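S.K.: Submitted below is the structure of interest, expressed as structure tokens.
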Amino acid sequence: MLTRMPKPAASMPSAAAAILAAIRAVPRGQVAGYGTIARRAGLPGRARLVARVLSGNTDRELPWHRILRSDGRIAFPPDSPAFAEQCLRLRADGVEVRNGRVRLPREDSLDAAVWSPR
DNA sequence: CTGATGACGGCGC
DNA sequence: TGCGCCGCCATCA
Numbered sequence: 016m017l018t019r020m021p022k023p024a025a026s027m028p029s030a031a032a033a034i035l036a037a038i039r040a041v042p043r044g045q046v047a048g049y050g051t052i053a054r055r056a057g058l059p060g061r062a063r064l065v066a067r068v069l070s071g072n073t074d075r076e077l078p079w080h081r082i083l084r085s086d087g088r089i090a091f092p093p094d095s096p097a098f099a100e101q102c103l104r105l106r107a108d109g110v111e112v113r114n115g116r117v118r119l120p121r122e123d124s125l126d127a128a129v130w131s132p133r
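If you use the working numbering, the first sequence corresponds to residues 16 to 133, in order.
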């Protein structure tokens, strides 16, 4: 049966793959926190790992701009070019960005519930 | 092995 | 809301 998933091993390369998959699964117009992505990837408590993976990512197709800090703030210094680009890409998605911050969906929303079976 | 670093998170004030 | 402190994880000097 496929009922059992392998135990989460953060050090294995597939961890990064799971993270990338979780990020790719965030639909346009929506956003998620680093910690949320980590959980969706089966790596609870590895928010910083998500950040690490993203920092090494080169795929322009990856919706990296939809990943924000838990408080809805963009994780870049407000004066950095990355910050500016993330702002643009978010708005291109139709997301409202106020002062480098967006309205992050509550974790207990339906969408989150579907994603995080626990 | 110890200490520093980073696209983090939660809590307290 | 803003800020600081501390905890956590993985990597690197």
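Heads up, the beta-carbon is just placed ideally off N, CA and C, and yes, glycines get one too. Note that the coordinates shown come from a computational prediction; the quantities given were computed from them, not determined experimentally.
What do you reckon, are the CB atoms on GLY44 and ASP108 nearer than 8 angstroms?
M.R.: Their beta carbons are under 8 angstroms apart, which means GLY44 touches ASP108 by this criterion.
S.K.: Please classify ALA62: is it buried, with 16 or more other beta-carbons within 10 angstroms of its beta-carbon, or exposed?
M.R.: buried
S.K.: Note down the Cα distance separating ALA32 from ARG113, rounded to an integer number of angstroms.
M.R.: 31 angstroms
S.K.: Pair every Cβ in the segment 96-104 with every Cβ in the segment 62-76, then say whether three or more of these pairs are closer than 8 angstroms.
M.R.: No, because fewer than three Cβ pairs between the segment 96-104 and the segment 62-76 fall closer than 8 angstroms, the two stretches do not touch.
S.K.: What does the Cβ neighbour count give for THR51, buried or exposed, with the cut at 16 atoms within 10 Å?
M.R.: buried
S.K.: Would DSSP call ARG61 helix, strand or coil?
M.R.: Three-state DSSP puts ARG61 in coil, outside helix and strand.
S.K.: Compare the C-alpha of ALA90 against each of ARG55, VAL46, ALA56 and name the closest.
M.R.: VAL46
S.K.: Within the continuous alpha helix (DSSP H) that includes GLN101, where are the two ends?
M.R.: 96-107
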